[in-house]
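**Q** Taken in order, the sequence shown gives residues 13 to 388; the numbers are from the working numbering. Using N, Cα and C, we set each Cβ at its ideal position, and we do this for glycine too. The model shown is predicted, which means the values in this text are computed figures rather than measured ones. Before I ask anything, let me first share the structure, which is written out below as C-alpha cells.
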Amino acid sequence: MKELQQAVLDYLQKHRQEYKDALRELAQIPAPSGKEELRAQWCKAYLEKLGAQGVYIDKALNVVFPYYAQDCNQLTVVNAHTDVVFPDEEPLPFKEENGRYCAPGVGDDTANVIAVLQMAGMAISLGLKPKKGILFVLNSGEEGLGNLKGARQLMEDYKGRIAQWFAIDGGYHEFVTKAVGSKRYKITVETEGGHSYGSFGNRNAIYYMAKMIDTFYSLKAPVYGKTTYNVGIIQGGTSVNTIAQSCSMLFEYRSDDIRGLDFMDQFFENVIATYRSMGISVIAEKVGDRPCMAQGVNQQPLIQLIQQAGALHGLSLKEESGSTDCNIPLSMGIPAVCFGVYKGHGAHTREEWLDIESTVVGMRFLAQVIMSLMEE
13 MKELQQAVLD YLQKHRQEYK DALRELAQIP APSGKEELRA QWCKAYLEKL
63 GAQGVYIDKA LNVVFPYYAQ DCNQLTVVNA HTDVVFPDEE PLPFKEENGR
113 YCAPGVGDDT ANVIAVLQMA GMAISLGLKP KKGILFVLNS GEEGLGNLKG
163 ARQLMEDYKG RIAQWFAIDG GYHEFVTKAV GSKRYKITVE TEGGHSYGSF
213 GNRNAIYYMA KMIDTFYSLK APVYGKTTYN VGIIQGGTSV NTIAQSCSML
263 FEYRSDDIRG LDFMDQFFEN VIATYRSMGI SVIAEKVGDR PCMAQGVNQQ
313 PLIQLIQQAG ALHGLSLKEE SGSTDCNIPL SMGIPAVCFG VYKGHGAHTR
363 EEWLDIESTV VGMRFLAQVI MSLMEE
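Here it is as C-alpha cells:
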C-alpha cells in the first residue's frame, strides 16, 4: 500500500477548518432514530455544495450519493449513520473546551458523518475515479430500535450489486470484523389488578414481571462466542394504592455466534410459555432483530487493508465484535468492516467528547482506505 499522495494531504489540510465547522454545526442538529429528517436534509445540501450530483434521500431517510455507480454490479458502500441514541428534538448542546468537542453523539456518529462527506468532496475535487462504483451513504436507523433500517433499505435497493461495505462508526483504536446479532422484545404482563386494600389478593402485574426478570437473570450465559442479555427499561403501575394491572419491559439478548442466539431463542420462548401457564397474560412483541454474520464470509482482504492503512498512520487497530450497520451485509455473506476517525470517550452518554486533533490522523487513515478504492 502506497503512502498518501501529496494532493490528498493538501486537500485534507485545505479543508481542515471546514471539517471542524461542519462538525460543530451538525452535532447540534437532533436526530433520534426514525426522525433523521433534519440531518438528512443538511447532509444532502452539504454534498450538493461540494459538487455532488445525483444525491437523493430514500424512503428510509438515507442520503445516497452514487459515485461512478451506474451499471456497476460490484459496488462499495462507504457509510456513516446520522441518528443518535438521544430522543431530543430540540438542538443538542455543544461546547468546546481543552481541545475537546463535547456533545451527545458528537463522536457516535457525527464526526464520522462529516468524514464521509469530506471523502466524497475529496473524490469530486481531485477527480478521482474508483476501480468500481462507490455509494457514499449517510444512513438512518443504526441506533437502538432503529433496527438497522437504513442498511436494510440500501441492501434492498441495490440487491445483488454490493460487493463490500465500510461502515465509518466509532473510534480508530479498534475495528469491527464480526457481527453481534440481537433480538429485542417489549414484554407486557397483564393481570386483574384492583384497589390495594379492597382487592388485596388479586394478582399484581409488577410482581409477576419482577419474577420473570429474576428468571431471565438466573441463566448462566451460554459459552458460544460472547452471549449477553439485559433488561433495559421497566414501566407499569398506576399509583401506590393500586394493584398494578399492567407492567412492561424491554429485554434484549445478543451474541456474536449464531448458536448463542439460537440458545437464547429457546430459553426466551420457554420462559414466556412458563409464565403464560400461570394464567396471566404475557404479550411478547419483537421490536428489534439484528442478524449475526453468515458462515464463510471472507473478511481477510478487508482486515488486511484496514491494518495496513492504519499502520501507515501509526495506528494499531484491534479486531472486535460489534453490532453495527455491517450486520446486514455480513448476514448476507458480503464482506464488511467498521472503523472510525477519532479518539474520544463517553459514547451513548450526554457527556460524550472527542479530541478534535485526533481527527487529523483519523481523516488521513480514512483517506488511505478510500484511495485504495481508486485507480492510480
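Looking only at C-alpha atoms, which of Leu35, Phe178, Cys114, Val149 sits nearest to Val349?
**A** Per the Cα distances, Phe178.
**Q** Taking the straight line between their C-alpha atoms, what separation do you get for Leu104 and Glu364?
**A** One C-alpha to the other measures close to 12 angstroms.
**Q** Give the DSSP-derived three-state secondary structure of Ser343 in the structure shown.
**A** Three-state DSSP puts Ser343 in a helix.
**Q** Using the beta-carbon count (16 or more within 10 Å), is Val149 buried or exposed?
**A** Per the 10 Å Cβ criterion, buried.
**Q** Measuring only the C-alpha atoms, how far is Gly249 from Phe280?
**A** Gly249 and Phe280: Cα-Cα distance of roughly 24 angstroms.
**Q** Are there three or more Cβ pairs, one per stretch, closer than 8 angstroms when the segment 211 to 230 is compared with the segment 319 to 337?
**A** Segments in contact, no.
**Q** Given this structure, state the Cα-to-Cα distance separating Ile255 from Gly117, to the nearest angstrom.
**A** Answer to the nearest angstrom: the Cα atoms are 40 angstroms apart.
**Q** Is it a yes or a no for the segment 256 to 266 touching the segment 159 to 177, going by three-plus beta-carbon pairs under 8 angstroms?
**A** No: fewer than three Cβ pairs fall under 8 angstroms.
**Q** Which one of Phe77, Asp120, Thr200 has the shortest CA to CA distance from Cys259?
**A** Answer by Cα proximity: Thr200.
**Q** Span of the beta strand (DSSP E) holding Tyr197?
**A** First-last of the beta strand (DSSP E) with Tyr197: 193 to 202.
**Q** Leaving out the 5 sequence neighbours to the left and right, which residues in its chain are closer than 7 angstroms to Ser208 when beta-carbon positions are compared?
**A** Same-chain partners within the cutoff: Asn253, Thr254, Ile255.
**Q** Rounded to whole angstroms, what's the CA-CA distance from Ala39 to Arg288? Just pull it up for me.
**A** Those two C-alpha atoms are separated by around 46 angstroms.
**Q** Taking only runs that begin and end inside the segment 58 to 123, name each unbroken beta strand (DSSP E) of 3 or more residues, in chain order.
**A** Correct list: 75 to 79, 87 to 93, 107 to 109, 112 to 114.
**Q** Return yes when the Cβ of Asn74 is within less than 9 angstroms of the Cβ of Leu166, no when it is not.
**A** Cβ atoms of Leu166 and Asn74: closer than 9 angstroms.
**Q** Measuring only the C-alpha atoms, how far is Ile392 from Glu168?
**A** Residue 392 falls outside the range modelled here, since the chain spans only 13 to 388, and no answer is possible.
**Q** For the beta strand (DSSP E) containing Phe212, list its first residue and its last residue.
**A** No beta strand (DSSP E) holds Phe212; DSSP gives it neither H nor E.
**Q** Roughly how many angstroms lie between the CA atoms of Met386 and Lys141, to the nearest whole one?
**A** Rounded to whole angstroms, Met386 to Lys141 spans 6 angstroms at the Cα level.
**Q** Excluding the 5 residues flanking Thr239 on each side, which residues of the same chain have their C-beta closer than 6 angstroms to its C-beta?
**A** Once the five neighbours on either side are set aside, the close Cβ partners of Thr239 are Ala233, Ser267, Gly272.
**Q** Identify whether Cys55 lies in helix, strand or coil by the three-state DSSP scheme.
**A** Note: Cys55 maps to helix in three-state DSSP.
**Q** When you compare the CB positions of Ala72 and Ser194, do they come within less than 9 angstroms of one another, or not?
**A** Their beta carbons are not under 9 angstroms apart, which means Ala72 does not touch Ser194 by this criterion.
**Q** Does the Cβ of Pro99 have 16 or more other Cβ atoms within 10 Å, making it buried, or fewer, making it exposed?
**A** Exposed, because fewer than 16 other Cβ atoms sit within 10 Å of the Cβ of Pro99.
**Q** Quickly, what does DSSP pair Lys190 with across the bridge? List them, please.
**A** Ser333, per the DSSP bridge assignment.
**Q** With H, G and I counted as helix, E and B as strand and the rest as coil, what does DSSP make of Ile11?
**A** Only positions 13 to 388 of the chain appear in the structure, and residue 11 is not among them; the question remains open.
**Q** Determine whether the beta carbon atoms of Gln311 and Thr189 lie at a separation below 9 angstroms.
**A** Result yes, Cβ atoms of Gln311 and Thr189 sit closer than 9 angstroms.
**Q** Among residues of its own chain, excluding the 5 on either side of Met13, which ones have a beta-carbon nearer than 6 angstroms to its beta-carbon?
**A** Answer for Met13: Gln320, listed in chain order.
**Q** Checking the sheet assignment: what are the DSSP bridge partners for Asp277?
**A** For Asp277, which the question treats as bridged, DSSP gives no partner whatsoever.
**Q** Go through its chain and collect everything with a Cβ distance to Glu369's Cβ below 8 angstroms, but skip five positions before and after it.
**A** Answer for Glu369: Gly111, listed in chain order.
**Q** Does the segment 298 to 306 touch the segment 343 to 362, meaning 3 or more C-beta pairs lie closer than 8 angstroms?
**A** A contact exists between the segment 343 to 362 and the segment 298 to 306.
**Q** By Cβ distance, which residues of its chain are closer than 7 angstroms to Leu16, with the 5 residues on each side in sequence left out?
**A** Here the set comprises Arg376, Ala379, Gln380, Met383.
**Q** Which residue or residues does DSSP assign as beta-bridge partners of Lys143?
**A** Lys143 pairs with nothing; no bridge assigned.
**Q** Thinking C-alpha only, which one of Ile315, Leu50, Gln25 is nearest Asp95?
**A** Checking every option, the nearest Cα to that of Asp95 belongs to Leu50.
**Q** In this structure, does DSSP put Gln380 in helix, strand or coil?
**A** Three-state DSSP puts Gln380 in a helix.
**Q** Just to confirm, is the Cβ distance from Glu202 to Gln257 under 9 angstroms?
**A** Yes, Cβ-Cβ distance for Glu202 and Gln257 is below 9 angstroms.
**Q** Buried or exposed: which applies to Asn242, given that a residue is buried once 16 or more other Cβ atoms fall within 10 Å of its Cβ?
**A** Looking at its Cβ environment, which holds fewer than 16 other Cβ atoms inside 10 Å, Asn242 is exposed.
**Q** Could you compute how far the alpha carbon of Gly156 sits from the alpha carbon of Ala191?
**A** Between Gly156 and Ala191, the C-alpha separation is close to 16 angstroms.
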